[in-house]
Amino acid sequence: DRWLCLDGLSFDALLEEVTAWVQKLSGCNLGQAGLLLALGPHGGPSGRAVVDFGCAERAADALLALDQGRVFEHTGLYNGVTKERLVLLRPLRRQEKVLLPPICHGAPAGAGPSEALVPFPADVQALEQFQGTTGRGRGRGRGRGRGRGS
1 DRWLCLDGLS
11 FDALLEEVTA
21 WVQKLSGCNL
31 GQAGLLLALG
41 PHGGPSGRAV
51 VDFGCAERAA
61 DALLALDQGR
71 VFEHTGLYNG
81 VTKERLVLLR
91 PLRRQEKVLL
101 PPICHGAPAG
111 AGPSEALVPF
121 PADVQALEQF
131 QGTTGRGRGR
141 GRGRGRGRGS
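The opening residue of the sequence shown carries number 1 in UniProt numbering; numbering runs sequentially from there.
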């Protein structure tokens, strides 16, 4: 299978840094459409991405190159702190295979992408569409700022 899953990515990782990291470690040149972000049940980033290596042979080579996972290091967008994550490259699970864009299953080219797999965010503005969906800041502000009897 030419599709594999990156598991353990930081929620604020961007397309350019993830693509460069995969290309550096695997030696495979990924196109812009070669990386899709998997959304969690809450509609925000899940920490997983689906990678299209173009053919099964290149995917197998990448699996060997990233065997046992590799450290993904990047600077956090919101706090500027350098983060390290152990990211695994693995075959897709059955549940992930059904999320692939319809064209990967032989559908016509006009078929749209899956709702659970979206283009990987290329910049901060694209990433901000998920702001507030990852659990950051939940519960803040309820009942605060009011005096008694208000």
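For each residue, glycine too, the CB sits at the ideal point set by N, CA and C. Only a predicted model underlies this, so the values are computations on that prediction, with no experimental measurement involved.
Inset, instruction - Please classify D1: is it buried, with 16 or more other beta-carbons within 10 angstroms of its beta-carbon, or exposed? - result: Position 1 of the sequence shown, counted from the first residue, corresponds to residue 1. For D1, the number of other beta carbons within 10 angstroms of its own is below 16, and it is reported as exposed.
Legend entry - L64, enclosing alpha helix (DSSP H) - first and last residue: The residue you call residue 64 lines up with position 64 of the sequence shown. Its alpha helix (DSSP H) spans residues 56-65.
Inset, instruction - Please determine if the stretch 88-95 and the stretch 53-69 are in contact, where contact requires at least 3 C-beta pairs separated by less than 8 Å. - result: yes
Inset, instruction - From the DSSP output, read off the bridge partner residues of A38. - result: Locating residue 38 in the sequence shown gives position 38, counting from the first residue. According to DSSP, which records beta bridges pairwise, A38 is partnered with R48, L117.
Legend entry - Per-residue DSSP class, three states only, for V98: Walking along the sequence shown from the start, residue 98 turns up at place 98. In the structure shown, V98 falls within a coil segment according to DSSP collapsed to helix, strand and coil.
Legend entry - Alpha carbon of Q23 to alpha carbon of E17, nearest angstrom: Taking the first residue of the sequence shown as position 1, residue 23 is located at position 23. Taking the first residue of the sequence shown as position 1, residue 17 is located at position 17. Taking the straight line from one Cα to the other gives about 10 Å.
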